[in-house]
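Residue 62 in this note's numbering sits at position 62 of the sequence shown; the count goes up by one each step and never skips.
One structure below.
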Amino acid sequence: MESSHDIAEYRERRKFWRTVVAAAVCGGLALFSVGVYLLCRYVFPSDKISEFYTDKLFYYISWPIKKVIAYFPFSVAEIALYASIAAILFWFINMLVGTVRAGRRCYIRKKQNVPIEGFSLLRPLVQLVLRLSSFICVIVSAFVLFGGINYTSLTFSEKAGYELEEADVDQLSQLCRLLSARAAAARLTLALEADGTINENYADYNPFRLIDDALDAYQNLPEEYAYLKRDYPRAKLAVSSPVMSNIHITGIYPYIIPEAVVNAQTPIMSLPHTICHEMAHQRGFAREDEANYIAYLACIHSDNPLFVYSGYYTAFTYAMDQLYLYDQKSWQEISSATSSGIWLDNLEESNFWQQYQTVSSEFTGSVNDTYLTVMDVDDGVHSYGRMIDLILAEEKQKGTIQ
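Next up, the structure:
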């Protein structure tokens with residue numbers, strides 16, 4: 001008759017081999033997903049990826065999930081993140097408890113002169129490693145399936161028919177003047193405080209109202225951008241916005257749980273553009289520079305004046321950053337001629353982020369840079385500046401910049 005120790009050992013073995021099988025399945029799925037991604041990146045033409053994946057498969061496999069999580073008033077992605085952290089902690093504690101129990105069983109067996117299997121002590125640790133590996137493999141597979149392949153699809157410039165050319169400094173200066181004038185005109189329509197800053201308590205500037213208005217902004221886009229006007233749910237405001245501010249994150253779009261999540265503490269002059277930026281990722285545009293430009297397009301077509309200003313303000317600040325690198329004299333001239341209200345907003349935004357300048361925020365920036373480089377966004381974090389190339393291409397096409 002089997003002893004209670006033998007029965008316990010048998011159960012532990014069964015549990016262990018179930019973990020091994022699950023890890024093997026998850027590992028195989030991850031290898032398949034990575035293989036598909038590499039084929040898309042290096043073998044398949046980007047126009048075919050756009051036609052069959054971005055415009056069809058990506059939309060139809062992610063749309064049901066997006067619609068379901070849209071019914072929740074909170075961010076499901078945030079809850080999933082916290083649940084994942086809790087699960088990892090649980091597994092770790094479970095591993096420690098399992099190791100202690102295994103040691104106790106071995107001690108009892110030794111006292112009873114029963115042969116001890118050396119692997120018994122290591123089994124809980126191996127199980128933890130296998131479970132964590134399975135978790136990572138599922139994350140990788142979900143990322144590739146629910147949007148990672150979009151990094152290999154057609155760029156927005158190719159889809160919109162823009163010709164991206166290397167602009168000379170004079171053209172960049174023209175763009176800065178153009179955006180300065182448009183931002184100044186848009187700012188005149190805003191509700192302001194007595195000190196000239198934007199009135200954040202104004203009803204139309206409530207973050208929840210902005211979330212709704214962002215949907216309308218996309219619907220207001222011209223028909224030539226019909227692929228941006230498809231049915232997608234609204235973005236969500238993050239409960240953990242203070243945490244996001246501390247690590248300098250204005251928004252996230254975790255492809256694993258396809259939900260646009262926005263830091264509600266983002267300064268008011270940038271918040272509408274940030275919301276539209278994360279919603280651009282919803283629409284299958286993974287590259288950050290393209291998401292910035294698409295957000296700019298949506299903002300300037302909005303019926304909410306704050307969106308219009310946010311689009312021009314953000315584009316102006318990016319353009320001026322680029323101009324400063326190449327022609328500081330022109331930068332100084334344009335800066336002096338720019339509305340003081342715009343610089344007041346810029347100062348307010350800078351002061352906000354300066355208070356969160358920490359080691360953790362610098363680390364997050366490094367991680368983001370590495371991620372963008374790995375995903376084939378060649379300029380890393382600096383790819384955000386390429387938004388200006390798209391605006392230049394658009395304005396050249398219109399004839400407003402020569």
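For glycine and all other residues, C-beta sits at the position ideal for the given N, C-alpha and C.
Residue state for LEU221 is assigned as coil, using DSSP reduced to three classes.
When the Cα atoms are used, LYS329 and ALA319 turn out to be separated by approximately 15 Å.
The DSSP assignment places complete alpha helix (DSSP H) segments of no fewer than 4 residues inside the stretch 294–344 at 305–326 and 328–337, in order along the chain. The C-alpha of SER245 is placed about 35 Å away from the C-alpha of LEU29. The beta carbons of VAL20 and LEU130 sit about 6 Å from each other, so the pair counts as a contact at 8 Å. Taking a contact as a CB-CB distance under 8 Å, the pair LEU128 and ILE388 does not count as one, their CB atoms being some 48 Å apart.
Counting only the Cα atoms, LYS229 lies some 23 Å from LEU392. For LEU188, the secondary structure class from DSSP, reduced to helix, strand or coil, is coil. Per DSSP, TYR356 is not a residue of any alpha helix (DSSP H), being assigned neither H nor E. For the alpha helix (DSSP H) assignment, the uninterrupted runs of no fewer than 4 residues enclosed by the stretch 237–303 are, from N- to C-terminal side, 241–246, 271–282 and 288–300. Boundaries of the alpha helix (DSSP H) harbouring PRO64: 58–70, taken from the DSSP string. ALA186 is a Cβ neighbour of PRO305, given a cutoff of 9 Å.
Relative to the Cα of MET279, the nearest Cα in the group VAL262, ILE268, PRO267 and THR266 belongs to VAL262.
Under the three-state reduction of DSSP output, ILE401 falls in the coil class, being neither helix nor strand.
Judged by DSSP secondary structure, ASP47 falls within the alpha helix (DSSP H) whose first and last residues are 46–49.
Straight across, the Cα-Cα distance linking THR189 with ALA167 is about 32 Å. Nearest in C-alpha terms to THR152, of all of LEU344, GLY399, PHE316 and ARG287, is ARG287.
If you compare the alpha carbons of ASP195, GLY196, ALA191 and THR197 with that of ALA203, the shortest gap goes to ALA191.
With contacts defined as CB atoms closer than 9 Å, ILE211 and ILE268 fail to qualify as a contacting pair. Rounded to the nearest angstrom, the gap between the Cα atoms of LEU347 and PHE307 is 19 Å. Restricting attention to ASP303, ALA142, ALA181 and PHE16, the CA atom closest to the CA of TYR255 is found in ALA142. Bounds of the alpha helix (DSSP H) holding ALA160 are 156–160. With respect to ALA217, HIS281 sits apart: the two C-beta atoms are not nearer than 9 Å. As DSSP reads the structure, ILE198 sits in a beta bridge with LEU192. Here the alpha carbons of LYS159 and VAL169 stand approximately 26 Å from one another. For a cut-off of 8 Å, the C-beta gap from ALA235 to ALA260 is around 4 Å, short enough to register as a contact. CA-to-CA, the gap between TRP63 and ILE334 works out to about 45 Å.
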